[in-house]
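Note that the UniProt record's numbering numbers the sequence shown so that position 248 is 248, with each residue one more than the last. Below is one structure, written out as structure tokens; the observations come after it.
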Amino acid sequence: MKRRQFLQSTALFSVATLVNANELFAKTPLINKAGLGLFSIPKMLENDFDGAFAMLAKMGYKEVECFGPYEFSTEKAKASWNAVTPQLGFKGSGFFNKTAADFFKAAKSNGISIPAMHTDLDTLSNNMGPLAEAANLIGAKYVVLPSIPDAERKNLDDYKRVAEKFNSIGAEAKKEGIRFAYHNHGYGLNNVNGVMPLNIIFDQTDPSLVYFEMDLYWTIAGGADPVELFKKHKDRYKMVHIKDMKEAKRFAGDGGDASQWISLFPYMTSCGEGVLDLPTILTAAKQNGVEHFFVEQDMVQSPEIALKKSIDYLKSL
């Protein structure tokens, strides 16, 4: 081969290699299947169920996480929900008057899976059978407790009892072929007598029975570092809730009551529009075992705009 031909061939090979490399990187985003916590759009689901799923599919969301109560939830859980719905401005929850089969069908027809469902402590403790039946039907691998009732987390001894209860729930879930997970709010992150209450749950629960879902916003509002938690508890966190924070904010107290959460609602914003270092946090999450990434912008206004901004940002990472 002449020198000129060799140089031309080498140049073409280099260009081809670069193009292939760029295509490879373009096809491997940080988050392959962005999901949505459906508490972001309860009114839309209540008023236009089919349209809501169609909107999510068009935006590119591939997973959703539903929230209770459900038809099979305990009467106590339903009563608690009915007590707060007047303040929320909507009543819909669970499968939004659909059967589990029809809910699953609606999601599947839009190319969306349902890997997790939130429920309450009473239903987890007393109605695991029907809960697991629904979870298995819709393909939900995880049943998630979104919060610990206030009366059951007053002190460190309470957290020890919670850990014991979580082990029991996790064992029952495992028998049914699903997994139990706990989603943190902002409480349990400040030391009490030199002990972080959340660490009691980590230390005193069986890793094969109890998993975790981190809410990034509430974790940061509670004063904890998400990256350090992911690293310290590798493979325990399997899901995250993602939203951004307009400016750095902390709870006025220990994050233990609803008034403190409500005070920080105005600072929630779409992913990429706030001050949180989401690329670093989400990279650490993925490196340490997180499987599912759910945008959750609680009851967000103009979801057709806000949720598109969030997923477009996540696609860019």
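We treat Cβ as the ideally placed atom computed from N, Cα and C, and that holds for glycine.
Nearest candidate by alpha-carbon position, reference residue i, set the options
{"i": "N126", "options": "I169, Y159 and A107", "result": "I169"}
{"i": "D150", "options": "V162, G272 and A140", "result": "V162"}
{"i": "K232", "options": "D254, A248 and D203", "result": "D203"}
{"i": "A221", "options": "L317, F265 and F39", "result": "F265"}
{"i": "P226", "options": "N288, D298, R153 and E65", "result": "N288"}
{"i": "I281", "options": "F96, I200, M299 and L216", "result": "L216"}
{"i": "T269", "options": "D298, M44, G253 and L145", "result": "D298"}
{"i": "F251", "options": "K58, E228 and A224", "result": "A224"}
{"i": "K160", "options": "L317, N199, Q87 and A248", "result": "N199"}
{"i": "S93", "options": "L124, K58, F104 and I41", "result": "I41"}
{"i": "E296", "options": "P279, W218 and E247", "result": "W218"}
{"i": "A248", "options": "G274, M239, L229 and W261", "result": "G274"}
{"i": "F39", "options": "H118, N136 and K58", "result": "H118"}
Alpha helix (DSSP H) segment containing residue i, residue limits
{"i": "D298", "result": "Per DSSP, D298 belongs to no alpha helix (DSSP H) and is neither H nor E."}
{"i": "K309", "result": "P303 to S316"}
{"i": "Y267", "result": "Counting along the chain, Y267 falls outside any alpha helix (DSSP H), and DSSP gives it neither H nor E."}
{"i": "E133", "result": "M128 to I138"}
{"i": "E46", "result": "P42 to N47"}
{"i": "F212", "result": "It is not in any alpha helix (DSSP H) - F212 instead sits in the beta strand (DSSP E) that spans V210 to D215."}
{"i": "A173", "result": "L156 to K175"}
{"i": "D203", "result": "P197 to D203"}
{"i": "V290", "result": "That residue, V290, is in no alpha helix (DSSP H); it is neither H nor E in DSSP."}
{"i": "residue 323", "result": "Because the chain in this structure spans residues 1 to 317, residue 323 falls outside the shown range and cannot be described."}
{"i": "F230", "result": "P226 to K232"}
Cβ-Cβ distance between residue i and residue j below 9 Å
{"i": "Y211", "j": "Y187", "result": "no"}
{"i": "A100", "j": "Y142", "result": "no"}
{"i": "H241", "j": "K33", "result": "no"}
{"i": "M44", "j": "P303", "result": "yes"}
{"i": "D254", "j": "N190", "result": "yes"}
{"i": "V144", "j": "E65", "result": "yes"}
{"i": "residue 348", "j": "E172", "result": "With the chain covering only 1 through 317, there is no way to say anything about residue 348."}
{"i": "K315", "j": "I138", "result": "no"}
{"i": "A107", "j": "G177", "result": "no"}
{"i": "N167", "j": "L209", "result": "yes"}
{"i": "M214", "j": "M196", "result": "no"}
Distance cut-off 8 Å: residue i Cβ against heavy atoms of the ligand NAP
{"i": "N82", "result": "The model depicted lacks the ligand NAP and carries no ligand whatsoever."}
Residue i versus residue j - alpha carbon distance
{"i": "D312", "j": "L36", "result": "13 Å"}
{"i": "L121", "j": "D158", "result": "15 Å"}
{"i": "P29", "j": "G60", "result": "13 Å"}
{"i": "M245", "j": "G272", "result": "9 Å"}
{"i": "V290", "j": "A284", "result": "9 Å"}
{"i": "L56", "j": "N193", "result": "46 Å"}
{"i": "G51", "j": "A306", "result": "16 Å"}
{"i": "K165", "j": "S147", "result": "14 Å"}
{"i": "K154", "j": "A54", "result": "43 Å"}
{"i": "N184", "j": "S109", "result": "32 Å"}
{"i": "L276", "j": "E152", "result": "31 Å"}
{"i": "F294", "j": "L156", "result": "30 Å"}
{"i": "F49", "j": "F96", "result": "8 Å"}
{"i": "K175", "j": "T123", "result": "16 Å"}
{"i": "K243", "j": "K105", "result": "28 Å"}
{"i": "S89", "j": "Y182", "result": "Per the sequence shown, the amino acid found at residue 89 is Gly instead of Ser. Looking at the two C-alpha atoms, the distance is approximately 26 Å."}
{"i": "V300", "j": "P86", "result": "17 Å"}
{"i": "K309", "j": "I114", "result": "22 Å"}
{"i": "A83", "j": "K91", "result": "10 Å"}
{"i": "R179", "j": "P130", "result": "15 Å"}
{"i": "K78", "j": "P279", "result": "38 Å"}
{"i": "G234", "j": "K286", "result": "Contrary to the premise, residue 234 reads as Lys rather than Gly in this sequence. Rounded to whole angstroms, K234 to K286 spans 10 Å at the Cα level."}
{"i": "W261", "j": "S80", "result": "18 Å"}
{"i": "I112", "j": "T205", "result": "32 Å"}
{"i": "K58", "j": "E46", "result": "19 Å"}
{"i": "L24", "j": "L317", "result": "The predicted model places L24 with a pLDDT of 49, which falls under 50 and marks its position as unreliable, so this point remains unresolved."}
{"i": "S263", "j": "A135", "result": "34 Å"}
{"i": "Y267", "j": "I201", "result": "29 Å"}
For residue i, the first and last residue of its enclosing beta strand (DSSP E)
{"i": "M239", "result": "Y237 to I242"}
{"i": "G188", "result": "Run containing G188: none; DSSP gives neither H nor E here."}
{"i": "L145", "result": "Y142 to L145"}
{"i": "D277", "result": "Looking at the DSSP string, D277 is not in any beta strand (DSSP E), and its letter there is neither H nor E."}
{"i": "I114", "result": "S113 to H118"}
{"i": "L36", "result": "A34 to G37"}
{"i": "E65", "result": "E63 to C66"}
Chain B contact for residue i (CB, 9 Å cutoff)
{"i": "E63", "result": "The structure shown contains no chain B, having only a single protein chain."}
contact_flag[the region 88-108, the region 61-71] where n(CB pairs < 8 Å) is 3 or more: yes
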